[in-house]
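Okay, structure first, notes after.
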Amino acid sequence: MELLVGSKTFMEPKPAIAESALLSVLEKFFDVIFNLPMVNRRLSDVLSLLSSGQPSCPQLYIYSSADEVIPAGSVESFIAKQRRAGHEVRACNFVFTPHVDRFRNDPKLYATQLSQFLDDYVLANCKHS
Numbered sequence: 734m735e736l737l738v739g740s741k742t743f744m745e746p747k748p749a750i751a752e753s754a755l756l757s758v759l760e761k762f763f764d765v766i767f768n769l770p771m772v773n774r775r776l777s778d779v780l781s782l783l784s785s786g787q788p789s790c791p792q793l794y795i796y797s798s799a800d801e802v803i804p805a806g807s808v809e810s811f812i813a814k815q816r817r818a819g820h821e822v823r824a825c826n827f828v829f830t831p832h833v834d835r836f837r838n839d840p841k842l843y844a845t846q847l848s849q850f851l852d853d854y855v856l857a858n859c860k861h862s
């Protein structure tokens, strides 16, 4: 799959055969597990609590459109809810990185996002204390 960003075209990396097979098995496994009534109810309760019970501190979400475990749409929906609730929210979509692989794929961007967030919120608040 190609993605056009500005005037540059990027090719999405293709996963290895073993990775694809494992991903397929895990998707089927979790599809069954997460749809069990008890598990589904518990997950819904946790997500509801996370949505409504967030502290007033700033939030940073680093996610990816290529994450097949946590869909980008779910993250973006959660971000929108947090913003509507009046929270200060920053977000960075790494676009092509698989689940929990942001830092390894682009350590400079990851570190920049985290450092800027900490500088703007944590260090700025410490200076005013």
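Under this note's numbering, the residue at position 47 of the sequence shown is numbered 780, and the numbers go up by one with no gaps. Glycine residues also receive a C-beta, built at the ideal position from the N, C-alpha and C atoms.
State the start and end residues of the unbroken alpha helix (DSSP H) segment that holds residue i.
i, result
"Leu776", "Pro770 to Ser785"
"Leu793", "Looking at the DSSP string, Leu793 is not in any alpha helix (DSSP H); the run it does join, the beta strand (DSSP E), is Gln792 to Tyr796."
"Pro840", "Pro840 to Phe850"
"Val765", "Ile750 to Phe767"
Quick check on DSSP: helix, strand or coil for residue i?
i, result
"Ile803", "coil"
"Thr830", "coil"
"Ser810", "helix"
"Ala818", "coil"
"Gly739", "Low confidence applies to Gly739: its pLDDT is 49, below 50, so where it sits in the model is not reliable, and the reading given next is rough at best. Here Gly739 sits in coil by DSSP."
"Met734", "Confidence at Met734 is low in this model, with a pLDDT of 42, below 50, so the placement of that residue is unreliable and no value is reported for it."
Since residue i contacts residue j with CB under 8 Å, what's their CB separation in whole angstroms?
i, j, result
"Pro840", "Ala799", "Pro840 to Ala799, Cβ: 17 Å. No contact."
Taking the beta strand (DSSP E) that residue i falls in, what are its first and last residues?
i, result
"Ala824", "Val822 to Asn826"
Considering only the alpha carbon of each residue, which of the options lies closest to residue i?
i, options, result
"Gly819", "Asn768, Val765, Gln792 and Asp853", "Gln792"
"Val822", "Tyr854, Ala751, Met771 and Val833", "Tyr854"
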